[in-house]
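*Asks:* Chains as they are written, first to last, in the numbering used here: chain A, -2 to 407; chain B, 54 to 199.
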């Protein structure tokens, strides 16, 4: 009987378990979970603080998931090393675990720059795990002034989640705009204005250089007094286990489209990896939940002897703040073409007869039609793209293609 | 497995499927009180222009991207039917971002809902099919090949 070991217990690990079980119903699966929680939906921690979900509903899978899939879970332990020669990992308490196939799904950790005086701040939190959210919840009150360092997805979702539970929120970022990883300057301005209208204050192109208990001294010379500090500067992939075992890593653990690492019998999946981005045409870390699941599922299938390939990963995000929804995908590469209406902006990036990326703000209906054009590399001259720009609709396809999509099992 | 298929040549663009869908999923007994003077939020939508019309609903794909992408783990497949647990959904719309068919739309409350073939409601079989006056929407077994 094959022995599978998965290091990590997040979305990629679930994908891996379900991938293994799609092929091998009998093999032994051991999951090493540093967090003492069964798998939960990490992107929901801001919705939890906002009161839109609760601990029970945040469970990513049902209570019988591990049992149903014949998994043994080791909680509260960390993998300390991988020995690819012996095909063995060792836990931080010294326990060895042998494997026939190993999946590294160690995720990422918050990156905290070495701020001067950070140790003098009493209430400071990253915003990544359930325990981070619960810790933040314990200290916040209606009188709290909150400073969030980082105007990316994590920092702004945190701001939305706690806005109604605190007195004020200031968000600073060294970048000159909000959501700089997914929005261009014009689109970021639209979103920033909306956030400001909803009570969030920004200090952009500026960051804290020194903390003195409850005061942040900014690069600009300004000072910000706060009660709670949230550190959402960025994340770093947890690559050390594979690196120390001699595997290839860059910003993430390097994997191919089968989710294999450079080490034999070792696969990797999720936020810890750097894999092929089909929109950009090179490798990059795509730290999004769908990617974690799909990589995990691919790795799991292959660990069990399948030959699955995941070669159309792209960055994509669907996110809303205070009722304004936006979706982005792919690479902002090529010629930009725009559709604008009173309440919506749609930007498309086109190169070599292909849609490479898009940004949609305020109008997101049927956006998956655009996403599939990127992932499936649809030649734009085979569809009615002039119509598609205005309306994401299946009318853009020929009747023959439509018959394939809607007249057959897919 | 039986799924809903659309013959666009026969679609009249009458939108009755949308009303029958909204009624079937309203849980109410009377169509007038369920739908009259209300904006409807059906799980099937007629697309098209003045020449071509066709109805789009969940394809219940063999390999559903929505399930793999749902950040809440709210979408699952049981007996071939792709279902959503509206209690877990937070309305992030990631499923809308990934569905290649543009088949998913949120309900009135912003929480996602989807075609579940009317298997769990009082209809027991797809109301859009039963009510289609020109039999443009059918519920049957078809294979993967044309």
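Backbone N, C-alpha and C define an ideal beta-carbon position, used for all residues, glycine too. Model, not experiment: these values are computed from the prediction.
Taking the straight line between their C-alpha atoms, what separation do you get for residue 238 of chain A and residue 163 of chain B?
*Replies:* Straight-line Cα distance between these residues: approximately 42 angstroms.
*Asks:* Could you say which of B:145, B:102, B:192, B:168 lies nearest to residue 384 of chain A if we only look at CA atoms?
*Replies:* Considering only alpha carbons, the answer is B:102.
*Asks:* Buried or exposed: residue 312 of chain A, going by 16 or more other Cβ atoms within 10 Å of its Cβ?
*Replies:* Label assigned to residue 312 of chain A: buried.
*Asks:* Is the beta carbon of residue 165 of chain A within less than 7 angstroms of some heavy atom of the ligand NAD?
*Replies:* Questions concerning the ligand NAD fall outside what the structure shown contains, since it holds no ligand whatsoever.
*Asks:* Please state whether DSSP places residue 199 of chain B in a helix, a strand or coil.
*Replies:* Because residue 199 of chain B sits at a pLDDT of 49, beneath the cut-off of 50, its placement in the model cannot be relied upon, and the point is left open.
*Asks:* Using the C-alpha atoms, what's the distance from residue 143 of chain B back to residue 50 of chain A?
*Replies:* Rounded to the nearest angstrom, the two C-alpha atoms are 7 angstroms apart.
*Asks:* Here's the rule: buried if 16 or more other CB atoms are within 10 angstroms of the residue's CB, otherwise exposed. What is residue 172 of chain B?
*Replies:* Exposed, because fewer than 16 other Cβ atoms sit within 10 Å of the Cβ of residue 172 of chain B.
*Asks:* Quick one: measure Cβ to Cβ for residue 394 of chain A and residue 354 of chain A, integer angstroms, because I've assumed they're closer than 8 angstroms.
*Replies:* Not quite, the Cβ-Cβ distance comes to about 21 angstroms (not below 8 angstroms), so this is no contact.
*Asks:* Assuming residue 391 of chain A contacts residue 400 of chain A under a Cβ cut-off of 8 angstroms, what Cβ separation, rounded to an integer in Å, is found between them?
*Replies:* About 11 angstroms separates the two Cβ atoms, so there is no contact after all.
*Asks:* Return no unless some Cβ of chain B is closer than 8 angstroms to the Cβ of residue 366 of chain A.
*Replies:* Taking Cβ atoms only, chain B reaches closer than 8 angstroms to residue 366 of chain A, which makes this a yes.
*Asks:* In or out: residue 189 of chain B buried (at least 16 other Cβ within 10 Å) or exposed?
*Replies:* The residue in question, residue 189 of chain B, is buried, as its Cβ has 16 or more Cβ neighbours within 10 Å.
*Asks:* Given that a residue counts as buried once 16 or more other Cβ atoms are within 10 Å of its Cβ, and exposed if not, what is residue 98 of chain B?
*Replies:* It counts as buried.
*Asks:* Please classify residue 72 of chain A: is it buried, with 16 or more other beta-carbons within 10 angstroms of its beta-carbon, or exposed?
*Replies:* Residue 72 of chain A is exposed by the Cβ-count criterion.
*Asks:* If you measure from the beta carbon of residue 100 of chain B to each beta carbon in chain A, is any gap under 8 angstroms?
*Replies:* For residue 100 of chain B, the answer is yes, since a Cβ of chain A falls inside 8 angstroms of its Cβ.
*Asks:* Looking only at its chain, what residues have a beta carbon closer than 7 angstroms to the beta carbon of residue 160 of chain B, apart from the 5 residues adjacent to it on each side?
*Replies:* Counting only Cβ-Cβ distances below 7 angstroms, and skipping sequence neighbours, we find 94, 166.
*Asks:* Are residue 3 of chain A and residue 13 of chain A closer than 8 angstroms when you measure CB to CB?
*Replies:* In this structure, residue 13 of chain A lies closer than 8 angstroms to residue 3 of chain A by Cβ.
*Asks:* Does chain A have any CB closer than 8 angstroms to the CB of residue 152 of chain B?
*Replies:* It does; some Cβ of chain A falls within 8 angstroms.
*Asks:* Kindly indicate which residue of A:341, A:93, A:144, A:314 has the alpha-carbon position closest to the one of residue 211 of chain A.
*Replies:* Measuring from the Cα of residue 211 of chain A, the nearest candidate turns out to be A:144.
*Asks:* Would you say residue 50 of chain A faces chain E, with C-beta separation under 8 angstroms as the test?
*Replies:* Going by chain labels, chain E is absent from the structure shown, which instead holds the protein chains A and B.
*Asks:* Identify whether residue 215 of chain A lies in helix, strand or coil by the three-state DSSP scheme.
*Replies:* Here residue 215 of chain A sits in strand by DSSP.
*Asks:* To the nearest whole angstrom, what separates the beta carbons of residue 309 of chain A and residue 256 of chain A, a pair I think is in contact under 8 angstroms?
*Replies:* That pair is no contact at about 14 angstroms.
*Asks:* What distance in whole Å lies between the Cβ atoms of residue 240 of chain A and residue 232 of chain A, which are believed to be in contact at a cut-off of 8 angstroms?
*Replies:* The pair is not a contact, with the Cβ atoms about 17 angstroms apart (cut-off 8 angstroms).
*Asks:* In chain order, what are the residue ranges of uninterrupted alpha helix (DSSP H) at least 4 long that sit wholly in the stretch 329 to 402 of chain A?
*Replies:* Counting only runs of 4 or more, we get 365 to 372, 382 to 387.
*Asks:* Check this for me: beta carbons of residue 324 of chain A and residue 357 of chain A, under 8 angstroms apart or not?
*Replies:* In contact: residue 324 of chain A and residue 357 of chain A (Cβ atoms closer than 8 angstroms).
*Asks:* Does DSSP put residue 182 of chain B in a helix, a strand or coil?
*Replies:* In this structure, residue 182 of chain B counts as helix in the three-state DSSP scheme.
*Asks:* When the Cα atoms are used, what is the spatial distance from residue 150 of chain A to residue 184 of chain B?
*Replies:* Answer to the nearest angstrom: the Cα atoms are 45 angstroms apart.
*Asks:* Rounded C-beta distance between residue 316 of chain A and residue 74 of chain B? I'm assuming under 8 angstroms.
*Replies:* Actually they are not in contact, since the Cβ atoms of residue 316 of chain A and residue 74 of chain B sit about 29 angstroms apart, beyond 8 angstroms.
*Asks:* Counting only C-beta atoms, is residue 407 of chain A closer than 8 angstroms to chain B at any point?
*Replies:* Output row for residue 407 of chain A: interface = yes.
*Asks:* Have a look at residue 199 of chain B and residue 403 of chain A and give me their C-alpha separation to the nearest angstrom.
*Replies:* Here residue 199 of chain B scores only 49 on pLDDT, less than 50, and its place in the model should not be relied on; the value that follows carries that caveat. Near 11 angstroms, if we compare the C-alpha coordinates of residue 403 of chain A and residue 199 of chain B.
*Asks:* Per DSSP, residue 128 of chain B is paired with what?
*Replies:* The partner list for residue 128 of chain B (beta bridge, DSSP) reads B:137.
*Asks:* Does residue 180 of chain B have its Cβ less than 8 angstroms from a Cβ in chain A?
*Replies:* No, residue 180 of chain B does not count as interfacial toward chain A.
*Asks:* Starting from the Cα of residue 104 of chain A, find the closest Cα among A:63, A:30, A:235, A:332 and give me that residue.
*Replies:* With distances taken between Cα atoms, residue 104 of chain A lies closest to A:235.
*Asks:* How do the stretch 223 to 231 of chain A and the stretch 119 to 133 of chain A stand: do at least 3 beta-carbon pairs fall below 8 angstroms, yes or no?
*Replies:* Contact between the stretch 223 to 231 of chain A and the stretch 119 to 133 of chain A is present, because at least three Cβ pairs lie under 8 angstroms.
*Asks:* Could you compute how far the alpha carbon of residue 360 of chain A sits from the alpha carbon of residue 387 of chain A?
*Replies:* In a straight line, the C-alpha of residue 360 of chain A is about 10 angstroms away from that of residue 387 of chain A.
*Asks:* Does any C-beta atom of chain B lie closer than 8 angstroms to the C-beta of residue 272 of chain A?
*Replies:* Chain B, which has no Cβ nearer than 8 angstroms to the Cβ of residue 272 of chain A, makes this no.
*Asks:* Can you name the residues that DSSP bridges to residue 114 of chain B?
*Replies:* According to DSSP, residue 114 of chain B bridges with nothing at all.
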